[in-house]
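Residue numbers (the numbering used here), protein chains in the order written: chain F, 1 to 361; chain A, 362 to 868. We treat Cβ as the ideally placed atom computed from N, Cα and C, and that holds for glycine. Following: one structure in structure tokens, then a few remarks.
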Amino acid sequence: MIRLEKRPQPSKLWTGLTPLLAVVLTMIVGGIMFAALGKPPLEAIRTIFWDPLFHPQFASYSRPQLLVKAGPLILIAIGLSVGFRAGIWNIGAEGQYIIGAVTGAAVGLAFYPSESVLLFPLMVVAGALGGWAWAMIPALLKTRFGTNEILVSLMLVYVAENILASASSSWLRNPEGQGFPGSRNFKQWPAVFNDELIANTGMHWGVVAALIAVIGAYVLMARHIQGFNIRLTGEAPRAARFSGVNPVRIVLLCLGISGALAGMAGLFEVTGPAGQISIDFGSGYGFTAIIVAFLGRLNPFGILLAGLLMALTYIGGELAQLMLGLPGASIQLFQGMLLFFLLATDVFTNYRIRFVGREVA
Amino acid sequence: MADTLLSIRGLTKAYPGVVANDDVSFEIQKGEIHALLGENGAGKSTLVKMIFGLVKPDRGEMVLDGGAYAPAKPSDARRAGVAMVFQHFSLFEALDVAENVALGMENPPKPRDLARQIREVSETYGLPLDPSRTVGTLSAGERQRVEIIRCLLQNPRLLIMDEPTSVLTPQEVEILFETLRKLKSEGTSILYISHKLEEIRTLCDEATILRLGKNVGTCTPREVTARQMAEMMVGASFATPEARATGTGEVLLKCDALSMPAPGAFGTPLREISLEVRAGEVLGIGGVAGNGQDELLMALSGERLAPKGSIFFKGEDISRAGPVARRDAGLLSGPEERLGHAAAPNMSLTENGVLTAARRKALVSNGFIDWGKATGFAEEVIKRFDVRTPGPGTAARALSGGNLQKYVVGREIQQDPDVFVVNQPTWGVDAAAAAAIRQALLDLAAKGAAIICISQDLDELMEISDRFGALNEGRLSPTRAVSELDIEKIGLMMGGAHDMEVAHVDG
């Protein structure tokens, strides 16, 4: 008989090992799934994990994509992880990401065709503020009326998508765009174009911001008293109140940080890789970042690695669709498995397995 | 009516270091509501666990309806017609009422029959309950009804209820009492465990009083006062403590008619609590659990802010100051619940040190935690208070109750408070650790601090306090010097405000 036994304290070894185990299990079960779909499993796995980086033909295109995709994922996931540590579940980063892009783009376009070097920083601030403000809606509703931030932030994603649609088709539409939906293209406006900083690396300002966020979050959570208060609130809310932590402030702080970072990610995306506000701007980064945050164990450096890994499955997934004709849904399933196995193996962090003989009742 | 249902003869059960039940004998008649009364730790739970087959007695025997009765497990007890409603419910929130009832039965009938039976029983005994409701949506009182109905469906001859009213609202208590009286009129015997004296007086026919594992007496609750029962609970073993130099220092903490609403549905409101505690003095606050102890601690720690002008620290109104400001001023506190309130279970001892000592011990500068200093502080506490643990990196939940208690109390004492408020400082702690904690409190007072010790252990309060008061339904009796107290006066104070009036006339 197998019995689970609670560990006296969480195992450090397993905390580090579970993400690796989850990746391996995902590869195995994913491979079985690909085989069932009639595709060569090893080749599919190789296409997803190996080819984007090392394929002689495609790698030169897909390698820079790694940072392009990982940048926003990491930036958003870092913000989310701060809230998750406090037990505040912002599920609506996608909405904050969209609103950040819209407000940042709107502020920039208001000054079109200015060539000022201050404009881009101003847009970054506007994007962050937009995301922050969007996250303040669930925060204020929670602190004032006790609503559930999971539901409110999630619902606001759909509101944000409608705002995005209206922006791209009416009030931010390119006046010189022959009536096609979509804003002016920032790629054709050098003063604000968030271009690659080093050619063919995919490194743009958003990636730089993500790296700064990783270090900032590490310092906040490990060294700063606010980070300590955030962790304390997540671990034991009553003890936090006893310690003197104001729960309202923690909610505002956590949702504010995650909203601002998501909004900033949206701005970097719209002025860079996406290039314009368009109806299909929302790409699901805000949701995938939730997986990234957990895959990275809510640890800033873990999130950095998880973001890169998740970006790899995105690019590799697209490649696999192209090369092997795998259905898009199977790639999403594959990514979902990663989170599933992570949560499943997570049990070993707090529990150990004991094999015991059948006891006499 | 004189038929005896259950006769308990000389039951003894010893655990390492403590005799939980020592030669306990009493009888429960058929159709009788029999109270089992005693303070926390008096051995009530162990006794009913033996009757219900959860614990095997070391010595002694039980006779049920003329036949020998020695249940080896709860299902034996159930078969013999003994059912028990526990203080903590064992229900699945996601399942509905009927499914929960079925799970607790040996041979559950078909779902449809069961739902009909539940409806019948709930109507017969005035326990309104819909079998198809999900348990997660039920109030505590309704959940208790699920447990009761589960028992009643097995037609028990003896129903054991462990502190059933501790989770109920006054209205729900009324409904429960009606049900119990109806059961009694049908000949079912009830063993009713409680330490709420007034309840026992209204409901029970006979009462057996336990103190320190011994049966110290039987009485008919209707014929004695709550005060007399309290005296029996407290016991004659109480010795008048030696007079101590009562603190004559300045008043450090003062409450002036402190009133606060109850924090939740089952909390107790604080009603016009007035107290003073002076430098070098220990004020002991007694009373039965659930009479406002937790609420008083939260009001003094600053977790719940009191109305303006009700709490003064060194003459300054701190009623609206939060925990951080109060700690800065020198008012520290230690809550009763170790895990989750005084300490975060999954965090290390070092982190749990930062929890309250961050500012007083300057473990934080410019918002950044100095982990080296924090570890040093944790090590100091571990060393000075002899906390048995591998080191300051250990998670709080990995410590035994006594060791964690030494750590959380020591954490505050190590910060040299001017006033220290502590609730149940030695609850669930072994004798040696308890003695060490009490000594630390006395040493702190000797250095000129004022201490408020809230406890349900009267012996402890008599040992360390200079003055004593008792909480009853959120009211604090006038405090008196311990040297003037005798057993009767303590009984009066614990008996509540009504009895106190009488005392004033007498005195």
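Flagged as an interface residue toward chain F: residue 683 of chain A, by a C-beta distance shorter than 7 Å. Leaving aside the five residues that flank residue 81 of chain F on each side, the residues in its chain whose CB is nearer than 8 Å to its CB run, in chain order, 217, 293, 296, 298, 299, 300 and 303. Among the residues of chain F, none has a CB under 7 Å from the CB of residue 556 of chain A; the nearest is roughly 25 Å distant.
Judged by DSSP in its simplified three-state form, residue 583 of chain A adopts helix.
For residue 696 of chain A and residue 763 of chain A, the gap between their C-alpha atoms comes out near 14 Å. Along the region 226-239 of chain F, going in chain order, the ones with a CB nearer than 8 Å to a CB of chain A are 226, 228, 231, 232, 235, 236, 238 and 239. Closer than 8 Å at the C-beta level to chain F, one finds these residues of the region 653-670 of chain A: 662, 663 and 664. Per the C-alpha coordinates, the member of A:582, A:576, A:568 and A:572 positioned closest to residue 562 of chain A is A:582. Interface residue (Cβ-Cβ distance to chain F less than 7 Å): residue 414 of chain A is not classified as such. Here DSSP, grouped into helix, strand and coil, assigns residue 448 of chain A to coil. Under the three-state reduction of DSSP output, residue 695 of chain A falls in the strand class.
Nearest CB-CB separation between residue 479 of chain A and chain F: not below the 7 Å threshold. The secondary-structure analysis by DSSP pairs residue 621 of chain A across a beta bridge with A:631. Listed along chain A, no residue sits closer than 9 Å to residue 302 of chain F by beta-carbon distance, the nearest being about 18 Å off.
DSSP places residue 829 of chain A inside the beta strand (DSSP E), whose first and last residues are 828-833. Classified as exposed, residue 195 of chain F has fewer than 16 neighbouring CB atoms from the shown chains inside 10 Å of its CB. A contact between stretches requires three or more CB pairs, one per stretch, nearer than 8 Å, and the region 238-246 of chain F fails this requirement with the region 159-171 of chain F. Taking a Cβ-Cβ cut-off of 8 Å, the neighbours of residue 701 of chain A in chain F comprise 236, 238 and 239, given in sequence order. Three or more Cβ pairs closer than 8 Å define a contact, and the region 113-128 of chain F meets that threshold against the region 261-274 of chain F. For the pair residue 618 of chain A and residue 577 of chain A, the Cα-to-Cα distance works out to about 38 Å. With respect to the 7 Å criterion, residue 70 of chain F and residue 342 of chain F are not classified as neighbours on the basis of their beta carbons. Per DSSP, the unbroken alpha helix (DSSP H) holding residue 287 of chain F starts and ends at 285-295. The beta carbon of residue 540 of chain A is closer than 8 Å to those of 486, 487, 488 and 509 in its chain, skipping five residues each way along the sequence. Taking a contact as a CB-CB distance under 8 Å, the pair residue 394 of chain A and residue 565 of chain A counts as one, their CB atoms being some 5 Å apart. By the neighbour-count criterion, in which a residue is buried when 16 or more other Cβ atoms sit within 10 angstroms of its Cβ, residue 689 of chain A is exposed. Neighbours of residue 223 of chain F in chain A, taken as residues whose beta carbon is under 7 Å from its own, are 729 and 730 in chain order. Residue state for residue 373 of chain A is assigned as strand, using DSSP reduced to three classes. Proximity of residue 716 of chain A to chain F, defined by a Cβ-Cβ separation below 7 Å, is satisfied. When the five nearest sequence neighbours on each side are left out, the beta carbons in the same chain lying within less than 8 Å of the beta carbon of residue 147 of chain F are those of 138 and 141, in order along the chain. Where residue 382 of chain A is concerned, the enclosing beta strand (DSSP E) starts and stops at 379-390. In terms of Cβ geometry, residue 260 of chain F and residue 76 of chain F do not form a close pair [threshold 7 Å]. Here residue 654 of chain A is near residue 784 of chain A, since their CB atoms are less than 7 Å apart.
Ranked by Cα distance from residue 748 of chain A, the first of A:791, A:661 and A:733 is A:791. Secondary structure within the region 704-756 of chain A: the alpha helix (DSSP H) runs of 4 or more consecutive residues, fully enclosed, are 710-718 and 732-745 (chain order). With at least 16 other beta carbons inside 10 angstroms of its own, residue 89 of chain F counts as buried. Within chain A, the residues whose beta carbon sits less than 8 Å from that of residue 9 of chain F are 707, 755, 756, 758 and 759, listed in sequence order.
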